[in-house]
Amino acid sequence: MKTSQGDAELLAATRSGDVAAYRLLQQRHAPATYALARLLLPGGTEVEDVVERTFARVHHVIARGDGPEQAFRAYLLTVLRRTVGDLSGTASGSGTASGPRATGRPLPEAVERTDEETGETGEADEGADGKTGEADEGEGEIDERADGELDPFGPRAFLVDPSLEGLERSPVARAFLSLPERWQLVLWHAEVERLRGEDVGLLLGLTVNGAAALAHRAREGMRQACLRIHLAETSAPECRPVLTRLGPYTRGGLAREQARVIDRHLEGCSGCRAVLAELTGIGHGVRSVIGPLVAGPAFPAYLTALARMGVTAGGGLAARWRRAPRSVRRAVVAGVTAAAVAVASALVLVAAEEPVNRPSTASEPIVVAPVPDSSASGESPEESSRESGESSAGPGTSGPPVPSLSGRPTGPGREPGDTGAAPGSGAGTNPGGEDGETGPGSGTGGTGLEGESGGTGSGGGGGAGASEGGDPAGTGQGGRTGSPLAPRLVARIDALGALVRSEAGIVVVRLRNAGRGQSEEVVADVGLPRGVTLPSGSRRGNAVGGVTPVGTVDGWSCRALTRGARCVRGPLPAGRATAVFLRVLVSGDATYGASPSVTVSTAGTRVAARSRGGVRATGAPARFATDGRVAVSAIGNTLVSCAPSEPACEAARSRRGGRRDNNSWEMRPLDRDGDPSTGSSSAARLVLPAASKVVWAGLYWSASAPPSGRVKLKVPGEERYRQVRATQVVERELPAGRGYQAFADVTRLLGAVRGTYWVADASVRSGVARHAGWSLVVIVADPRRPYSQAVVVDTATVLDGGRRSARIPLGGLTPSGAPARMALVTWEGDAGVTGDRVRLGGRTLRPAGGERDPRNPFDGSAAGARGTGTTFGTDVDRFRSPLGRDPVLELSTRQDVLLFGVVAVSVRTTP
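Basically our numbering = 1-based index in the sequence shown + 71.
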């Protein structure tokens, strides 16, 4: 049952003369249009006029019977760029001239469109093989009418910015244009804009399930279209039979022997591997190619603006837009610019505010076009050359001024984070609060960054700041000193887990308003020590690699600076907390002990803090972290066992007898799924409250065997395995030979997080003392859980005769009286070998599963394991313990050999 009219129905009604239908379309898509317009016209004076002109032009085209029949938003944004181009005298809508086929062409008054060129626009299934029709010859060219007018978004055309020239000829772009318009519509909103299911359903006039089913068919049709293009352009005879089978190969639908043939070919053929990567990451490809082609170079900033504004098809801002007065609309539009810089800076940005409302399902990297500073930050070309990154509305700007990205000036010729000394240096330690945390008045004698006044700051020269729960040494609010409703910011910066040389890590800035009044705009200048940098991203031509935010973004937007980052968010209400997480890269020669710092500014006050934890030579870096109503959990199982025909094997499997170690048996692949296409498989069940939603999920697998980098995963509710490829593989020397630990982020593969998971066909070898197993580590959100901090750190540390202990710092977690929940993943442990220990804060921990022996926690037991008693060589253990100050997890063994892999921690804290 349809819950509302979809865009296609409204467009049809508009063609029939229904003005009200078009008005509803305008209300539905106005927020997104204003978001892009603000980026294309950073001065802000002509935004409203351009948007109104765009909607009027599109209405005129549709009323004449032309224009889009279903994919309205992409058409609208392209016409908007054309309108901006007309205004500026260019054709690309980005301030520069387009290529020869797009230069100087006027916006059409009518658009010629034929169904034969786009395929059927209904919801018919594509058929058993997912085919959607052959791509038209000459796709990627600009579509022209007989009278010479140019279609701004015709069935075979994009409005290509010159900085992206050639992208329209990519297989992904050509395949997209060959799809039916209905599939283009669902892919744009579900994959490119990443709207929620209910919002996509509203735009399609379908239920949530109906929209999800259509999106699935569209993705499969997109894969088939890409494959046909690659097949048509492949001349190598040895590649053609492989390409024809890549579709079922990606779905795990080939027989075992056929899959092995393709595996062998892929190992030696980089071209086919690239096609496989394109097919398995089809959503990533659509987003990274089609997004910039439709929205132009401002696409990453456009996505960030949508996320910050809460733009959806129904509800939220879109539902209120039509009721807001024009002055309010202008104020909202003016605030878009502050959010326009996050993705373009190639940061990994993770932020959370209590409560966690909706976990993000977006965690995979995307490749996007670079965003010019002038459009991303809302600056004029002259202003964008300033290192301080300031942005302000110029004379004559209508409406409220654009919020500044910099707070207060930082002085000529210098960037925050590159001031000679990192922000916050010399800040006094907060004696009443936690280390690394300061309140107003701390720092260098009450002065702000670059020696500017930081409010009253009356704590004395280099004086102490406020304790976390006590009164501040100065309110730090300038003219609001002594006001009973003044805000009081408490800032903290930490390295999560550890910043380990030659590894990636995460730095978190946590901010809390402990006062009684709301702050103004918050600017956090993060200073990174030499050798610690933000990811620059992978490069493909003119493209820059970025990462979609994970978790709730909470209004933060960040841009990279020379030695750090500047992060901005709106006012922070009294009593609320917020956090922003930045992924960093630590070089092999980073200064040992050097630590990050932060200076937070709002309405003339400065709060400085420095992390206690700095660069280390060893430890476990953070893989993922978030704050909110979250918790961690982990399950797993073994992939090897003794042969059932062997005497005493059944007793060993049931945790009985004296031969419960993989050292006592010739380990063989365990295959329990009954599927003839798999050679090894096992299952584990994840039990969680019904309201739990996945925020992040990581799959780890390990074996004493040469790594293949591939494994199969079957999630609850699905009947088929999916092929998973590792994004990281680490090899180590073990008693049985070389072993490995592999990792893959599988967040997007999980739907209903609860249930039974199957893993199959990791690289496994038979033999005495061999191990093989897997673990799924998750962070889930549940509105009924207490506010908590969660982090997953991983490593691949061997404990043996040469090294009997390891220390794993758990930096960045706030101590509290409540015990922390911990899940540890360890490989190669033996149930019959005692003398192992897990200690935290001087206390020996007792595992919650297995034999619960604190002297032998690694006893071949895995939480959630199904169908196996002893999980030979695989341990997934759960613990509960208070963290204490400066928590460090200590693992030791007297006579066993261990490969320690992962620890996931969540601890209840005060927001």
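Ideal Cβ positions, reconstructed from N, Cα and C, are used throughout, including at glycine. None of these values were measured; they are calculated from a predicted model.
- Per the Cβ contact rule, the segment 859-871 is not in contact with the segment 721-741 (fewer than 3 Cβ pairs under 8 Å).
- Between P600 and the set R294, S590, V578, the nearest pair of CA atoms involves V578.
- Between A754 and Y811, the CB-CB gap reaches or exceeds 9 Å.
- Just so you know, the alpha carbons of D565 and S666 end up roughly 9 Å apart.
- For S359, no beta strand (DSSP E) run applies; the uninterrupted alpha helix (DSSP H) run containing it begins and ends at 353-366, by DSSP.
- Classified as exposed, V90 has fewer than 16 neighbouring CB atoms from the shown chains inside 10 Å of its CB.
- Residue state for Q860 is assigned as strand, using DSSP reduced to three classes.
- In terms of Cβ geometry, A562 and V669 form a close pair [threshold 9 Å].
- The C-beta of L556 has fewer than 16 other C-beta atoms within 10 Å across all chains shown, which makes the residue exposed.
- Setting aside the 5 residues that flank it on each side, A661 is surrounded in the same chain by L570, R572, P600, R601, G602, V603, V686, each with a C-beta closer than 8 Å to its C-beta; the list follows chain order.
- F652: member of the beta strand (DSSP E) spanning 648-657, first to last residue.
- Counting every other CB atom within 10 Å of its CB across the protein chains shown gives P692 a total of 16 or more, marking it as buried.
- V830 and W772 have their alpha carbons spaced roughly 9 Å apart.
- The beta-carbon separation of A861 and V976, rounded to 7 Å, stays under the 8 Å limit for a contact.
- Contact between V121 and A103 is ruled out by a C-beta separation of about 14 Å, above the 8 Å threshold.
- Here the alpha carbons of G586 and L274 stand approximately 43 Å from one another.
- Taking a 10 Å sphere around the C-beta of N708, we find 16 or more other C-beta atoms and assign the residue as buried.
- Comparing alpha carbon positions, the residue from G272, G598, R647, F814 closest to L582 is R647.
- About 6 Å separates the beta carbon of L911 from that of L960, a gap short enough to meet the 8 Å contact definition.
- Listed as beta-bridge partners of I706 by DSSP are L847.
- Around the CB of R923, fewer than 16 other CB atoms lie within 10 Å, so the residue is classed as exposed.
- With contacts defined as CB atoms closer than 9 Å, S859 and S779 fail to qualify as a contacting pair.
- Within 10 angstroms of the beta-carbon of A303 lie fewer than 16 other beta-carbons, which makes it exposed.
- Partner residues in the beta bridge of Q794, as assigned by DSSP, are K783.
- Going by DSSP, E721 is part of the alpha helix (DSSP H) stretching over 720-724.
- Per the Cβ contact rule, the segment 331-351 is not in contact with the segment 366-376 (fewer than 3 Cβ pairs under 8 Å).
- For L632, there is no enclosing alpha helix (DSSP H); the enclosing beta strand (DSSP E) has its first and last residue at 628-632.
- Inclusion of D270 and P363 in the CB contact set at 9 Å is not warranted, their separation being larger than that value.
- Under the DSSP definition of a beta bridge, F695 partners with V863.
- Distance from the Cα of M738 is smallest, within the candidate group A722, D744, P715, V758, for P715.
- Counted as a single uninterrupted DSSP element, the stretch harbouring G940 is not any alpha helix (DSSP H), since DSSP gives it neither H nor E.
- Each residue's CA atom was taken as its position, placing Y146 and L96 some 13 Å apart.
- The beta carbons of A282 and V257 sit about 7 Å from each other, so the pair counts as a contact at 8 Å.
- Taken through DSSP and simplified to helix, strand or coil, P740 comes out as strand.
- Note on Y663: under 16 other CB atoms within 10 angstroms of its CB, so exposed under the neighbour-count rule.
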